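Peer 1: With my numbering as the guide, the letters of the sequence shown map in order to residues 2 to 277.
Here you go, one structure.
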Amino acid sequence: MADSSNGAPVIIKRKKVIAGDGHHGGAWKIAYADFVTAMMAFFLLMWLINATTEQQRLGIAEFFSPTVPLNKVSGGGNAMFGGDSVQEHNILSQTGVGGLPTALKDNPDPVEFEQPGSKGEDQDFEKVEDMLIGGGGESLLADNVLKHVVTRLTDEGLVIEIFDSEEERLFKPKSAVPMPILVDLAKVLAEVSNMVTNDVAVEGHVRTSVITVRENPSWQLSSIRANELRKLMETYGLETERVARVTGHADREPVSNVPRDLRNNRIEIILLRSDR
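Right, here's the structure in full:
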């Protein structure tokens, strides 16, 4: 037996064992990550619901429903044939220039019989589109001008939309002074408008002003710009009697989700249907 009388201390080491569970464990991190993921998915869902139309939401729901379609075209509608009329399946979509497609929007409710004269009027509008954007061959517009134009067919008529781009503006900034490209556009717009006898509406839109002021300048600016284009088109041959209205919508109807996007600076020339 060892003699410990030499005075050397005896060291006893005790190891404290702590359980890995409880509030000191890592299981709560997994639960928290699941919660954050669920909240992110929830807010994405809320944004998606707010940013889409009823027909688009129905189309998305149909995409995730593995059902057998009744027809080859999925319209995302809530009525027979996907919410579209049978005649609409004969209409081919056309493509605009600059990556922005022309589209059929605000389609009328399905009807059993075609309205008298509507088919002939749509054919006239298609001829105007072909002449303007070159859908059937050569366009009346030069390439640098053509990228400022898109068209679409609606219940109201044929909408010809001209808009600003980063490379070139239609008007001088914060004014209604037309740039040379707008003068060129006005000549062609007056020419193609005279291919039909329909009344014409001109509507101005501008992007949101960066400065908050007592009186919003967007209303006046959008109205003056629309009226300036109306005067240019009349100068180049559009009959004054055919102008049904000239309106300014300020920044209330943007086409871009970014309020300051230049794409929101635009003017819509509408060849109105004869029944309007």
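All residues carry an ideal CB built from backbone N, CA and C; glycine is no exception.
On a predicted model such as this, the values are computed, not experimentally measured, just so you know.
1. Going straight from the alpha carbon of residue 206 to that of residue 182, what length do you get?
2. Going by Cα to Cα distance, which pick from 155, 178, 187, 173 is closest to residue 163?
3. Which residue's Cα is closest to the Cα of residue 184: 238, 271, 274, 251?
4. Can you tell which of 267, 36, 38, 274 has its C-alpha closest to the C-alpha of residue 157?
5. In the DSSP assignment, the alpha helix (DSSP H) including residue 226 goes from what residue to what residue?
6. Can you tell which of 171, 134, 125, 142 has its C-alpha closest to the C-alpha of residue 230?
7. Please report the residue range of the beta strand (DSSP E) in which residue 36 lies.
8. When the Cα of residue 224 is compared with those of 235, 203, 255, 199, which residue comes out closest?
9. Should residue 189 go down as buried or exposed, given a rule of 16 or more other Cβ atoms within 10 Å for buried?
10. Kindly indicate the opening and closing residues of the alpha helix (DSSP H) around residue 193.
11. Please classify residue 15 as buried or exposed, where buried requires at least 16 other C-beta atoms within 10 Å of its C-beta.
12. Measuring straight from C-alpha to C-alpha, what distance separates residue 276 and residue 200?
13. With DSSP as the reference, label residue 129 as helix, strand or coil.
14. Using a threshold of 7 Å, state whether the C-beta atoms of residue 208 and residue 265 are closer than that.
15. Can you give the beta carbon distance from residue 269 to residue 160, rounded, assuming they're within the 8 Å contact cut?
Peer 2: Taking the geometry as given:
1. Here residue 206 corresponds to residue number 205 of the sequence shown, with the count starting at 1. Here residue 182 corresponds to residue number 181 of the sequence shown, with the count starting at 1. Residue 206 and residue 182 have their C-alpha atoms roughly 18 Å apart.
2. Taking the sequence shown and counting its residues from 1, the one referred to as residue 163 is at position 162. Ranking 155, 178, 187, 173 by Cα distance to residue 163 puts 187 first.
3. Locating residue 184 in the sequence shown gives position 183, counting from the first residue. Of the candidates 238, 271, 274, 251, the one whose C-alpha sits nearest the C-alpha of residue 184 is 238.
4. One-based indexing of the sequence shown puts residue 157 at position 156. Relative to residue 157, the option among 267, 36, 38, 274 whose CA is nearest is 274.
5. Taking the sequence shown and counting its residues from 1, the one referred to as residue 226 is at position 225. Unbroken alpha helix (DSSP H) run through residue 226: 218–236.
6. Locating residue 230 in the sequence shown gives position 229, counting from the first residue. Checked all of 171, 134, 125, 142; the closest Cα to residue 230 is 171.
7. The residue given as residue 36 occupies position 35 in the sequence shown. If you look at residue 36, you'll find it isn't in any beta strand (DSSP E); it sits in the alpha helix (DSSP H) that goes 28–52.
8. On the sequence shown, residue 224 is found 223 positions in, with the first residue counted as 1. Measuring C-alpha to C-alpha distances from residue 224 to each of 235, 203, 255, 199 identifies 203 as the nearest.
9. Taking the first residue of the sequence shown as 1, we reach residue 189 at position 188. The residue in question, residue 189, is buried, as its Cβ has 16 or more Cβ neighbours within 10 Å.
10. Position 192 of the sequence shown, counting from 1, holds the residue named residue 193. 181–194 is the extent of the alpha helix (DSSP H) around residue 193.
11. Translated into positions along the sequence shown, residue 15 becomes position 14. With fewer than 16 other Cβ atoms from the protein chains shown falling within 10 Å of its own Cβ, residue 15 counts as exposed.
12. As a working note, residue 276 is residue 275 in the sequence shown. As a working note, residue 200 is residue 199 in the sequence shown. If you take the alpha carbons of residue 276 and residue 200, they lie about 10 Å apart.
13. Residue mapping note: residue 129 aligns to position 128 of the sequence shown, counting from 1. Correct three-state label for residue 129: helix.
14. Here the question's residue 208 lines up with position 207 in the sequence shown. Here the question's residue 265 lines up with position 264 in the sequence shown. Yes.
15. By 1-based counting over the sequence shown, the position of residue 269 is 268. By 1-based counting over the sequence shown, the position of residue 160 is 159. With a beta-carbon spacing of about 5 Å, residue 269 and residue 160 fall inside the 8 Å limit used to define contacts.
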